[in-house]
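Protein chains in written order, with the working numbering: chain P, 1 to 114; chain U, 1 to 114; chain A, 1 to 114. Glycine included, every Cβ here is placed at the ideal spot set by N, Cα and C. Right, one structure below, let's go through it.
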Amino acid sequence: MSIRRIDVGPRMSQIVIHGNIVYLAGQVGEPSGNVASQTRDILAAIDEFLAKAGTDKTKILQAIIWLADMSTFSEMNAEWDKWVPQGHTPARATGEAKLAGPEYLVEIIVTAAI
Amino acid sequence: MSIRRIDVGPRMSQIVIHGNIVYLAGQVGEPSGNVASQTRDILAAIDEFLAKAGTDKTKILQAIIWLADMSTFSEMNAEWDKWVPQGHTPARATGEAKLAGPEYLVEIIVTAAI
Amino acid sequence: MSIRRIDVGPRMSQIVIHGNIVYLAGQVGEPSGNVASQTRDILAAIDEFLAKAGTDKTKILQAIIWLADMSTFSEMNAEWDKWVPQGHTPARATGEAKLAGPEYLVEIIVTAAI
C-alpha cells in the first residue's frame, strides 16, 4: 500500500495519506490572533488539507487538541462547536501543552478517513 | 469503508470505528477521586467502550496517557499494571498535561483493533 | 487481522503491528544526555524498532514529539533534520510536556506503514 505525501517540507509533511487514512501535521493559526481566531485559522486549514486529500470534516476519526493555556478551553470550544459537523463528531482529547512558540495558543492534530 | 460512530455528542463521539480500528475519545474519571480511583474509572470506561465496539483490551494498539502531575506516575501505573492484559500490552506513552479542569488528574486516549 | 507485538513488557510493548501499520511506544533517550544526545538515542531506537517491524524511516506516517522544555526546540530539530529522509517527511506535531522523570528531555511517538 503506497504512501502519498502532500505539501512536503524538509522537516514534515502537512498531509500523509496511507490507504484510506490521512494524517495531518499539527496545525497552528496566525500567531497575531487570539485563541478564537487561531482556532478558526486551524479549522480552515484542516478543511483545506482534507480537501487536498480528497476528504472532508465529516470523516475525521480523531482530533487531539493542545491549548497553551487551558483557561481558554471554552473559547476554543465555541469555534469548534460551530465548525464540527453534527452527527459526525470525531473522538477527541484536549490537553494543555506549550507550543513551538509562546505566540501559538492552539494546535490541532487530525486523523481522517478518505 | 464506512465510519460508525457510537455515543455521538455535539462536540465529540466517544467511539469512532473505521474498518477494523476503533478510536476512543480521551477518557477521564470521576473528578471527586484521586489518581488511583480516576484511573480505575477510566480503565472501566475503556473496557465498556471497547465492548460496545465489539473488541476488548487484548486488542489495544496504542495508549496515550496524560497526567496532570507526573509525580502521580506510580499511582497511575499501579492501576494500569493490574488491568493491562499480560502478553497483549499496547504501545504506550505518558506525558504531563493539565486537563480540561483541575479536578481531572488522568486522561487516557486509546486506539484498538476490532 | 492479527496483532503482532514485539519487545513485549508487562506494562507496554515497544512495537505493535496491526495489518500494515506499526505503532511504537514513546521513545526516550539515555537520561544522562542533553537534548541533542537524547534525540539521537531516540532516533536510533526508532530506526532499530522499525527494522524489527520490517520497515524504515521512509515510511513514517506520523510523529508526535514531546519536549520537557520547548526552549530546546531548535536543538531537537537540528538532530531531527539530519535524520529525517527528504521527500518522505511525516506529519508531525511538537508540544511541551514533562516526561516520566525530570531527566528525560524528549519523547517521540511514531506510527509507520510497513
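The C-beta of G29(U) comes no closer than 7 Å to any C-beta of chain A.
Cβ contact annotation for I17(A) (same chain, cutoff 6 Å, sequence separation greater than five): R4 and A53, in chain order. Note on K82(P): under 16 other CB atoms within 10 angstroms of its CB, so exposed under the neighbour-count rule.
Taken through DSSP and simplified to helix, strand or coil, A44(U) comes out as helix.
For A78(P), there is no enclosing beta strand (DSSP E); the residue is found in the alpha helix (DSSP H) stretching over F73 to W83. Chain A places a beta carbon closer than 7 Å to that of T94(U), counting this residue as a contact.
With respect to the 7 Å criterion, G26(P) and A93(A) are classified as neighbours on the basis of their beta carbons. For the stretch 86 to 110 of chain P, the set of positions with a beta-carbon nearer than 9 Å to some beta-carbon of chain U reads Q86, G87, H88, T89, P90, A91, R92, A93, T94, G95, E96 and A97 in chain order.
For Q14(A), the secondary structure class from DSSP, reduced to helix, strand or coil, is strand.
Here DSSP, grouped into helix, strand and coil, assigns V35(A) to helix. Buried is the label assigned to M76(P), since at least 16 other Cβ atoms lie within 10 Å of its Cβ.
Counting the other CB atoms within 10 Å of its CB gives E30(A) a total below 16, which places it among the exposed residues. Residues of chain U whose Cβ lies closer than 8 Å to the Cβ of D81(P) are, in chain order, P10 and R11. Put simply, the backbone Cα of A113(U) is about 33 Å away from that of D41(P). The criterion of a C-beta distance shorter than 7 Å is satisfied by Q38(A) and V106(A). Annotated three-state conformation of A25(P) is coil, per DSSP.
In terms of CA proximity to L99(P), W66(A) leads the group A51(A), L61(A) and W66(A). What G26(P) touches in chain A, judged by beta-carbon distance under 9 Å, is I64, A91, R92, A93, T94 and G95, going in chain order. Counting only the Cα atoms, M1(A) lies some 21 Å from V22(P).
Straight through space, the alpha carbons of A63(P) and I60(A) are spaced by roughly 19 Å. Under the three-state reduction of DSSP, L99(U) is assigned to coil, being neither helix nor strand. Chain-ordered, the chain P residues with CB closer than 8 Å to the CB of M1(U) read N20 and A113. The Cβ atoms of L24(P) and A91(A) lie closer than 7 Å to each other. In the displayed model, T111(U) falls within a strand according to three-state DSSP. Using a Cβ-Cβ cut-off of 7 Å, L61(U) counts as an interface residue toward chain A, since at least one Cβ of chain A sits closer than that to its own. Note that the C-beta distance between E96(A) and A78(P) is not below 7 Å.
Excluding the 5 residues flanking it on each side, V110(P) has same chain C-beta neighbours closer than 6 Å at L24, I46, I60 and A63, in chain order. Only exposed fits A44(A), as fewer than 16 other CB atoms lie within 10 angstroms of its CB. If the five residues before and after V35(A) are omitted, its C-beta is found closer than 7 Å to the C-beta atoms of T72, E75, M76, L105 and V106, all from its own chain and listed in chain order.
In the structure shown, the three-state DSSP call for A63(A) is strand. Listed in chain order, the non-local C-beta contacts of P85(U) below 6 Å within the same chain comprise K57 and T58, local neighbours out to five positions each way being set aside.
For D7(A), the uninterrupted beta strand (DSSP E) segment begins and ends at I3 to V8.
One thing to note: T89(U) has its Cβ within 7 Å of the Cβ of M12(A).
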